[in-house]
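Residue numbers (my numbering): 103 to 205.
Below you can see the structure in the form of C-alpha cells.
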C-alpha cells in the first residue's frame, strides 16, 4: 500500500517525538538487523532508524533495501534518519495504522 500525502504528513507528526531505536554503524545493514527491524515494526508500526557517521551505507539505499526485504513504507528520510511504517498484522498493536486508514 502506498501512502498518500496526508497519511505521510500524519505519520511524520507522530514520528517527530520518537527516538531512533536502531542504529546502523560500521557493520552496515545485516540480515539479523533486518529481522529485528521487522519485529519492532510489528509491535510499534512506526520507528526511526539512524545511520551513524562511521557507516558506508547511504540512507536511500538502506531505505530501499528495507522496503524490498520487509515491505515497509518509507515515510521520510532526513539526512541520516529514516522513518519507517508498516501496519501490524496483530490486532492489538494496530493503533497507528487504524488512524492512517481513517485519513
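Heads up, the beta-carbon is just placed ideally off N, CA and C, and yes, glycines get one too.
Note that the coordinates shown come from a computational prediction; the quantities given were computed from them, not determined experimentally.
When rounded, the separation of the alpha-carbon atoms in residue 126 and residue 205 is 32 Å. According to the DSSP secondary-structure assignment, residue 150 is paired through a beta bridge with 185. In the DSSP assignment, residue 171 falls within the unbroken alpha helix (DSSP H) covering 161-172.
For the pair residue 114 and residue 198, the Cα-to-Cα distance works out to about 12 Å. Going by beta carbons, residue 169 and residue 120 fall outside the 8 Å limit. Between residue 128 and residue 195, the gap from beta carbon to beta carbon reaches 8 Å or more. The beta carbons of residue 157 and residue 181 sit no closer together than 8 Å. Counting the other CB atoms within 10 Å of its CB gives residue 160 a total below 16, which places it among the exposed residues. By the neighbour-count definition (other C-beta atoms within 10 Å, threshold 16), residue 147 is a buried residue.
The beta carbon of residue 108 lies closer than 6 Å to those of 205 in the same chain, with the five residues before and after it left out.
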